[in-house]
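Undergrad: The structure's right below; bear with me while I get my questions together.
Here is the structure:
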């Protein structure tokens, strides 16, 4: 029987895997995800994900998994970030720092049995920018990073959580490249995009 994908399960799995070793907990938040180091009011570090969204939790955990010890003492790991509305150069910088965490997030999705039966799609996160990012090219870069991780090993904390997810959702571990249906996912998305464009052209013609 396939298990449902509940953010509450991620909170428990994360706590079981990391709370004692890293004094860090996964926390349901509001509109904006954020990483908050321990302070005078809260004695533990917090990975805050948006609205109880399962995908948001996986994404924020992926960033934590590659943040070094010094960065884990800084709010949002001290990372550079510009909000939606980036120009082409800014978007290129954004994608460079997102390749590794999104590759890890993809592995989390595979280890969790792909939540809601949907294929993994990368996030270019620039709906209000002045150009259209090439999401397919970005996903190709993320896929290559997945292959590299499978060949050389995921970061230690990422691998620990992949194993925790795989055990909980009863997914074969270690992961293999065959579990990442990259070509199928992209082909279906590209076809859907082409259909949408064709429909828009028909509407304009009418």
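In this note's numbering, the protein residues as written are 4 to 209. Idealized CB from N, CA, C, for every residue including glycine. Predicted model only: the values in this text are computed from it and were never measured.
Which whole-angstrom value describes the C-beta separation of residue 35 and residue 53, a residue pair presumed to lie in contact below a C-beta threshold of 8 Å?
TA: The pair is a contact, with the Cβ atoms about 6 Å apart (cut-off 8 Å).
Undergrad: Straight-line CA distance for residue 67 to residue 182?
TA: If I take the Cα positions, the gap works out to 24 Å.
Undergrad: By DSSP's criteria, residue 57 is part of a beta bridge. Which residues make up the other side?
TA: In DSSP, residue 57 forms no bridge with anything.
Undergrad: Using a Cβ-Cβ cut-off of 7 Å (strictly less than) and excluding sequence neighbours within five positions of residue 166, which residues of its own chain qualify?
TA: If we look at residue 166 and ignore the five residues flanking it on each side, its Cβ neighbours are 176.
Undergrad: Label residue 78 either buried or exposed according to how many other C-beta atoms from any shown protein chain fall within 10 Å of its C-beta, with 16 as the threshold for buried.
TA: Exposed.
Undergrad: Report the start-end ranges of each alpha helix (DSSP H) in the region 19-49 that is 4 residues or longer and not cut off at the edges.
TA: Whole alpha helix (DSSP H) segments, 4+ residues: zero.
Undergrad: Going by C-alpha to C-alpha distance, which of 180, 24, 116 sits closest to residue 147?
TA: Residue 147 has its Cα closest to that of 180, out of 180, 24, 116.
Undergrad: Does the distance from the C-beta atom of residue 185 to that of residue 115 stay below 8 Å?
TA: For residue 185 and residue 115, no; Cβs fall outside 8 Å.
Undergrad: Report yes if the CB atom of residue 10 is closer than 8 Å to the CB atom of residue 73, and no otherwise.
TA: No. Outside cutoff.
Undergrad: Taking the alpha-carbon positions, what's the residue 12 to residue 22 distance?
TA: Each residue's alpha carbon lies about 14 Å from the other.
Undergrad: Measuring CB to CB, does residue 50 end up less than 8 Å from residue 103?
TA: No, these two residues do not count as a Cβ contact at 8 Å.
Undergrad: Using a beta-carbon distance below 8 Å, is residue 159 in contact with chain D?
TA: This model lacks chain D altogether, as it is built from one protein chain only.
Undergrad: Sorted by chain position, which residues of the same chain lie with C-beta nearer than 6 Å to residue 162's C-beta, five sequence neighbours on each side aside?
TA: Result list for residue 162: empty, nothing under 6 Å.
Undergrad: Indicate the three-state DSSP secondary structure (helix, strand or coil) for residue 52 in the structure shown.
TA: Note: residue 52 maps to strand in three-state DSSP.
Undergrad: Using 8 Å for Cβ pairs, my map puts residue 164 next to residue 111. What's the rounded Cβ distance?
TA: With a Cβ gap of about 7 Å, residue 164 and residue 111 count as contacting.
Undergrad: Here's a check: name, in chain order, each residue in its chain whose Cβ is nearer than 7 Å to the Cβ of residue 6, leaving out the five neighbours to either side.
TA: Excluding residues within five positions, the ones whose Cβ falls inside 7 Å are 172.
Undergrad: Taking 8 Å as the limit between beta carbons, can you name the residues of its chain near residue 16, skipping five residues before and five after?
TA: Same-chain partners within the cutoff: 164, 167, 168, 171.
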